[in-house]
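Colleague: Could you have a look at this structure, given as structure tokens, before my questions?
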Ligand SMILES: *Cc1c(COP(=O)(O)O)cnc(C)c1O
């Protein structure tokens with residue numbers, strides 16, 4: 602894994618250089634789905650701070666127990682797969698950030714749930730302020746593939762505008778951080794450039810509005826196959842599994 606990380610870091614550094622961006626502007630989220638808890642421990646020993654999981658149950662299995670990263674921070678769990686309504690509460694408990702929100706119902710439910718949870722890193726509600734503050738991103742189906750979830754690309758803007766009309770204080774326990782997408786799965790990274798650029802334009806437009814979008818500064822895009830293009834198009838969080846942990850063995854689920 603150490604060699605995988607070195608090779609990946611070289612790719613990230615080179616892409617940042619080409620894009621004229623600072624390496625610090627791109628967070629690496631280690632996608633540990635289908636890999637066992639030991640793989641997570643190994644990653645933490647190499648300096649990983651942020652992990653991504655697709656399924657809530659698998660996230661709970663690996664990230665319910667608080668862990669400390671090498672830099673002294675608390676290890677963060679990102680839920681990056683679609684979450685059914687009945688799993689939103691569990692997702693809010695285990696996650697620091699959910700990347701895959703795609704409905705106003707989910708936003709409203711998360712606000713309610715987070716108001717009733719203890720603050721992250723504390724044992725009880727009210728111990729550290731009131732309720733948990735959760736980061737969320739909206740997934741946009743910018744690749745326009747039927748199998749992928751997320752907001753329809755033609756409806757994403759109207760969706761964001763509808764949030765704006767709720768007013769700046771409608772969701773005190775949610776930090777609305779930005780947008781997420783999965784690039785086109787063609788095997789050619791360049792094919793995703795257009796959808797990454799679309800996402801960046803949408804994110805910039807709403808960040809500029811302030812209010813409920815005051816923290817809308819994140820773009821979660823780029824995976825093993827297309828992270829360079831994503832970084833060039835402004836990604837602030839790349840979600841990388843295969844390049845770090847190797848191929849996933851789908852015949853051996855961890856849950
Ligand atoms: C699995 C997954 C990733 C990681 O993909 P790799 O190609 O293994 O890097 C990133 N994002 C999402 C949403 C995923 O489901």
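In the numbering used here, the protein residues as written are 602 to 856. Glycine included, C-beta positions come from ideal geometry on N, C-alpha and C.
Report the residue from 826, 732, 699, 657 whose alpha carbon sits nearest the alpha carbon of residue 688.
Modeller: Nearest C-alpha to residue 688: 657.
Colleague: So does residue 777 have its beta carbon nearer than 7 Å to some heavy atom of ligand 1?
Modeller: False, no ligand heavy atom lies under 7 Å from that Cβ.
Colleague: Compare the Cα-Cα distances from residue 923 to each of 732, 760, 776 and report the closest residue.
Modeller: Since the first residue of the chain shown is 602 and the last is 856, residue 923 is not available in this structure.
Colleague: According to DSSP, what are the bridge partners of residue 821?
Modeller: Note: residue 821 sits in a beta bridge opposite 781, 838.
Colleague: I need the DSSP call for residue 710, collapsed to helix, strand or coil.
Modeller: In the structure shown, residue 710 sits in a helix (DSSP, three-state: H, G or I).
Colleague: On a CA-only basis, which of 625, 617, 662 is nearest residue 639? Give me that one, please.
Modeller: Comparing Cα-Cα distances from residue 639 to each of 625, 617, 662, the minimum goes to 662.
Colleague: Tell me the DSSP bridge mates of residue 675?
Modeller: DSSP, once it has assigned bridges, lists 669 as partnering residue 675.
Colleague: Given 7 Å as the limit, tell me if residue 734 has its C-beta closer than that to any heavy atom belonging to ligand 1.
Modeller: False, no ligand heavy atom lies under 7 Å from that Cβ.
Colleague: Is residue 802 helix, strand or coil when you go by DSSP?
Modeller: Helix at residue 802.
Colleague: Return the chain-ordered list of same chain residues with a C-beta closer than 6 Å to the C-beta of residue 616, the five sequence neighbours on each side being excluded.
Modeller: Within the same chain, residue 616 has close Cβ partners 829, 832.
Colleague: Report the rounded CA-to-CA distance for residue 789 versus residue 629, giving the unit in angstroms.
Modeller: Rounded to the nearest angstrom, the two C-alpha atoms are 21 Å apart.
Colleague: Cutting at 7 Å between CB atoms, please list the residues of its own chain near residue 819, excluding the five before and the five after it.
Modeller: Same-chain partners within the cutoff: 738, 778, 779, 837, 838.
Colleague: Can residue 690 be considered in contact with ligand 3, in the sense that its beta carbon sits closer than 7 Å to one or more heavy atoms?
Modeller: In terms of ligand content, the structure shown lacks ligand 3 and carries ligand 1 instead.
Colleague: Keeping to the same chain, check which residues put their C-beta closer than 6 Å to that of residue 821; ignore five residues upstream and five downstream.
Modeller: Excluding sequence neighbours, residue 821 sits near 700, 738, 781, 838.
Colleague: Residue 756 lies in the alpha helix (DSSP H); which residues open and close that run?
Modeller: Element bounds for residue 756: n/a, residue is neither H nor E.
Colleague: Could you give the distance in angstroms between the alpha-carbon of residue 850 and the alpha-carbon of residue 637?
Modeller: Going from the Cα of residue 850 to the Cα of residue 637 covers about 11 Å.
Colleague: Where do the N-terminal and C-terminal ends of the alpha helix (DSSP H) with residue 663 fall, by residue?
Modeller: First-last of the alpha helix (DSSP H) with residue 663: 657-664.
Colleague: So residue 634 and residue 842 are in contact, right, with Cβ under 8 Å, and what is the actual spacing, rounded?
Modeller: Their Cβ separation, rounded to whole angstroms, is 7 Å, which keeps residue 634 and residue 842 in contact under 8 Å.
Colleague: Taking the DSSP output, what are the residues bridged to residue 682?
Modeller: DSSP, once it has assigned bridges, lists no residue as partnering residue 682.
Colleague: Where do the ends of the beta strand (DSSP E) carrying residue 861 lie?
Modeller: No answer is possible for residue 861: it lies beyond the span of the chain, which begins at 602 and ends at 856.
Colleague: Nearest CA to the CA of residue 762: which residue from 622, 603, 604, 810?
Modeller: Taking only the C-alpha atoms, the option nearest residue 762 is 810.
Colleague: Determine the DSSP secondary structure at residue 813, reduced to helix, strand or coil.
Modeller: Looking at residue 813 - three-state DSSP - the assignment turns out to be helix.
Colleague: Considering only their Cβ atoms, is the gap separating residue 800 from residue 743 smaller than 8 Å?
Modeller: In this structure, residue 800 lies closer than 8 Å to residue 743 by Cβ.
Colleague: Using the Cβ count rule (16 or more neighbours within 10 Å means buried), how would you classify residue 621?
Modeller: Per the 10 Å Cβ criterion, exposed.
Colleague: What would DSSP say about residue 628, mapped onto helix, strand or coil?
Modeller: DSSP places residue 628 in strand when its eight states are reduced to three.
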